[in-house]
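Heads up, our numbering is the position in the sequence shown plus 58, with the first residue counted as 1.
Right, one structure below, let's go through it.
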Amino acid sequence: MTNGMMSALRLSTSGLMLAAALCAAPALAQVAPGETATEPQGSPTEAGIAAGDLQRGTAEEIIVTARRRNETLLNVPVAITALASEDLQRYAANDLSKIGQLIPQVQIVRSGAGTGGSFTIRGIGSSAGDAGIEQTVSVNIDGIQISRGRAVLQSFFDVEQVEVLKGPQALFFGKNSPGGVISVRTAGPTSTFEGYARGGYEFEADERYIEGAVGGPISDTLGFRLAARASAMEGWVVNTAPARANPLEPNFPLPAGNRRQPGGEAYAGRLTMVWRPSDAFDLTAKLFGNYSKENAESIAEVVCSNPNALPTTLGIPDTFGDCRLDGRRSSTNAPNNPELLNPWPGAPDDGKHYARFRGIYGSITANYRTGPITLTSVSGVYDYKVNTWDNFDYTSIGLVQSVNDDAYRSISQEFRVISDFDSPLNFVVGGFYENVRRDQETNGRVAPLGADPRNGKYETWNRPANNKGDTYSGFGQLIYKFGEAVELAGGVRWTHERKTIDMRHTFLHSRFPPGVFLAEGTVVAGTFKDTNWSPEATLTWHPTPQTTLYAAYKTGYKSGGFSNPSALSANYADINQTRFGSETAEGGEIGFKGSFANGRISINAAVYRYDFDGLQLSSFNADTTTFTIRNAAQARTTGFEVETNVRVTDAFSVRSAIGYNAARYLSFPTSSCYFLQTAAQGCVGGVQDLTNRQLVRAPDWSLNAGATYDVPLSNNIAFGITGDTKFTDDYYTQENLNPLALQRAFWLFNASARLHEIDDKWELAVIGRNLGNQRYGISSADKPLATPTTLNQISQQPARTREIIVQATVRF
């Protein structure tokens, strides 16, 4: 056990003794005062809600849809943490990264380039570096399954409930999710015309935002809700790169970098319509649009084995940078020169870096009930475009400039038939189809070669990639109840996937050394096909109406595919060098849930063990600045989690969670080496053996604890205060386990205070996140073009530092 964990246990003795004594439970979602909670979209037995139908109640009455049925959080035999709007508003959690900080054993990170982000639950997740990879943990938004890391860029506001399902989720969430599912349900229409307006200011990054929503019934059968949000920020990382002479190309002086990053603005809006012409039929349509523009795609800082040294690019030291994770970086914009930029596809005329994201998703959920049978149709579309231009040597030397464009579109359709017979046997059966197209292009530069004499181009390559995919899937489950207390459920999902890829260099600089990359015009194309059966079974026992004990056998699957490296190295002439295999999971867990003292004490505990074959990981070549994907042979997660929620009085509640997760490679003898790794350090023939080593972003221990106190000051006004702490044990931020990428254990402290009207018609709040200003890394890679040097260097993506927010809300 680490020293940090010993400290964690000492500092949290009272809360954890309570957790251990009770066997512990999840942070349970509550409906916030003045907010509404509608029936889950697409749920079977009571699916589809008239405008204004409410879901309120005690902790054991919180409704979740983990099995596509309306079930209470207490009774469903699935490990879930549920957060309602009140939990999210406590700390103004309006994106996935901030939501992840509130949930035990969950890490949600944003990264530059590649997939744009990574989601990890219980130490299992996918890399973010290569655009060809899908996430092992998927995100489900209003019934639409999203497996792309770009979902981290979505703005999440006016959210009704977030459910985090832990462990493999093979049956009910579209394409399989062997690591788990983050399910987000946005707010719907209410029974009366109402809404809210909110505005806030964050001091550290000079961030401003406003948001609001309005909705209600249009008629007896039709309701609507319209929500919107806008924000702007100066940035929370200081860029020290000044205007300077170019040490590699004297004719192209280097301008200063954007002083504060990631500065920019964002806009989002969502329209929800609910139509219920009869008790037998309802239809819910949601359309969401999101746009953001920032002055950097990546805000990585360089960290070196000698923190007193300077970062280097091709051996040239960056005298304006440092080698520490300290909120400072030195990254120049590209030279403002039309000779360099105008022939470069996607490069702006002024050379200033940018990252633009435009996302649209829409869903139509229809339910038809005939007697004990509910037929559900969920149609979805998810479409985004990402256009970025940035410096990826992360220094004021600015050699590695790259345009990265990613356009994605998926269309999905799911049908379900669910029974609710008044008999021991019930069933779920359904089918799912998804069609995907993704066009991704990288136009990069890694060498000062001058203008290509053929066309005057200065970049090193232009590489488009066209990816297509089709998924066909069917699933079914039988549930048999032995009386009121015992239930046996078993099911299986069949999946067939087909993916194709077409990549080539449409341009390769004629002066680039031959033999490193594939020749201009060489086509890399292939087809991947795979079929899988993923069964699961669960035995559930309710010793009392307020307790649940379950044992589950689960499997999971994610198909393989093709890497999308930014440039095509010479060995990619063999398509098998870009192909990676499928990922599967198998194992089980035993869980206990309980509600005691009339709902004042809620408990959730689980022990689990899962084996993963073919875990998909990306590796990075710092010399060519390209990622590729490979499969780790075998990995295993073994652990337990214990969570409690105790309402001591009507005004005072406490919560705690502790988790242990041993995530290790059972066999991974072919991992890529890290930069400058020697034979004495285990690098032989360009590979190292990581067998029995810790998985990336998989801390052994995690701890959450907090309390909320809300008390009336008068007949009309109340005061509330809340505080939370989160402990995270040591973890690696990089797949090759570079020693520099070891993030030591740390604590985060959050707190908020609010003055509000008793009925919550208005509220004034002060919110603090990461109050200790802890600086920690969330993802990293070996620094591009760090050679020739004896200095080990990585580019480390930092988490956001301290935030102090003042916020005002008015509800009507």
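Glycine residues also receive a C-beta, built at the ideal position from the N, C-alpha and C atoms.
Counting every other CB atom within 10 Å of its CB across the protein chains shown gives I268 a total below 16, marking it as exposed. Shown here, I161 sits in coil according to DSSP, grouped into three states, outside any helix or strand. Rounded to whole angstroms, P757 and G158 show a C-alpha spacing of 15 Å. For E499, the uninterrupted beta strand (DSSP E) run begins and ends at L483 to R503, by DSSP. Taking a C-beta distance under 8 Å as the contact criterion, L849 and N364 qualify as a contact pair. If you look at D463, you'll find it in the beta strand (DSSP E) that goes Q459 to S477.
The distance from the Cβ of Y789 to that of R755 is about 6 Å, consistent with a contact at the 8 Å cut-off. C-alpha of T684 to C-alpha of S470: approximately 31 Å in a straight line. The Cβ-Cβ distance between T558 and T529 does not fall below 8 Å. Excluding the 5 residues flanking it on each side, E594 has same chain C-beta neighbours closer than 8 Å at P226, A228, L229, G548, G549, V550, A610, Y611, K612 and T613, in chain order. Looking at the DSSP output, G183 bridges to T178.
Distances from the CA of L398 to each of G508, L597 and K841 were compared; the closest alpha carbon is that of G508. The shortest C-alpha to C-alpha distance from G744 to any of N794, E821, Q165 and M331 is the one to N794.
For E555, the CB contacts under 6 Å within the same chain, skipping 5 residues up- and downstream, are T529, D588 and S617 in chain order. Counting along the chain, the unbroken alpha helix (DSSP H) around S143 starts and ends at S143 to Q147. Comparing alpha-carbon positions, the option among Y325, N520, F479 and Y466 lying closest to R427 turns out to be F479.
Contact between A628 and V574 holds: their C-beta atoms lie close to 6 Å from each other, under 8 Å. Under the 8 Å Cβ criterion, the region 456 to 475 counts as touching the region 429 to 443, having at least three qualifying pairs. Each of N133, I161 and E252 was checked against the Cα of L141, and the nearest Cα belongs to I161.
Uninterrupted alpha helix (DSSP H) stretches at least 4 residues long and entirely within the region 703 to 741 do not occur. Within the region 320 to 403, the runs of beta strand (DSSP E) at least 3 residues long that lie entirely inside it are, in chain order, 322 to 336, 339 to 352 and 359 to 362. Within the DSSP secondary-structure output, W519 pairs in a beta bridge with G502 and L566.
Taking C-alpha positions only, L843 is separated from A738 by approximately 23 Å.
Linking T606 to T139 through their CA atoms gives a straight-line distance of about 15 Å. Comparing alpha carbon positions, the residue from W519, A324, A358 and L341 closest to K351 is A324. The Cβ atoms of E262 and R860 sit closer than 8 Å to each other. A direct Cα-to-Cα measurement between T749 and R694 gives close to 11 Å.
Judged by DSSP in its simplified three-state form, P797 adopts helix.
The DSSP assignment places 544 to 562 as complete runs of the beta strand (DSSP E) inside the region 542 to 598, in order along the chain (cut-off: 3 residues). Distance from the Cα of S421 is smallest, within the candidate group G579, L798 and Q203, for Q203. By the neighbour-count criterion, in which 16 or more other beta carbons inside 10 Å mark a residue as buried, L822 falls on the exposed side. D817 is classed as exposed because its beta carbon has fewer than 16 other beta carbons within 10 Å across all chains shown. The DSSP-derived three-state label of K616 is strand.
Within its own chain, the residues whose Cβ lies closer than 6 Å to the Cβ of R386, once the five positions on either side in sequence are excluded, are V296 and T298, listed in chain order. Our two residues, F177 and I825, have alpha carbons roughly 25 Å apart in a direct line. Restricting attention to A583, E260, L597 and G379, the CA atom closest to the CA of Y149 is found in E260.
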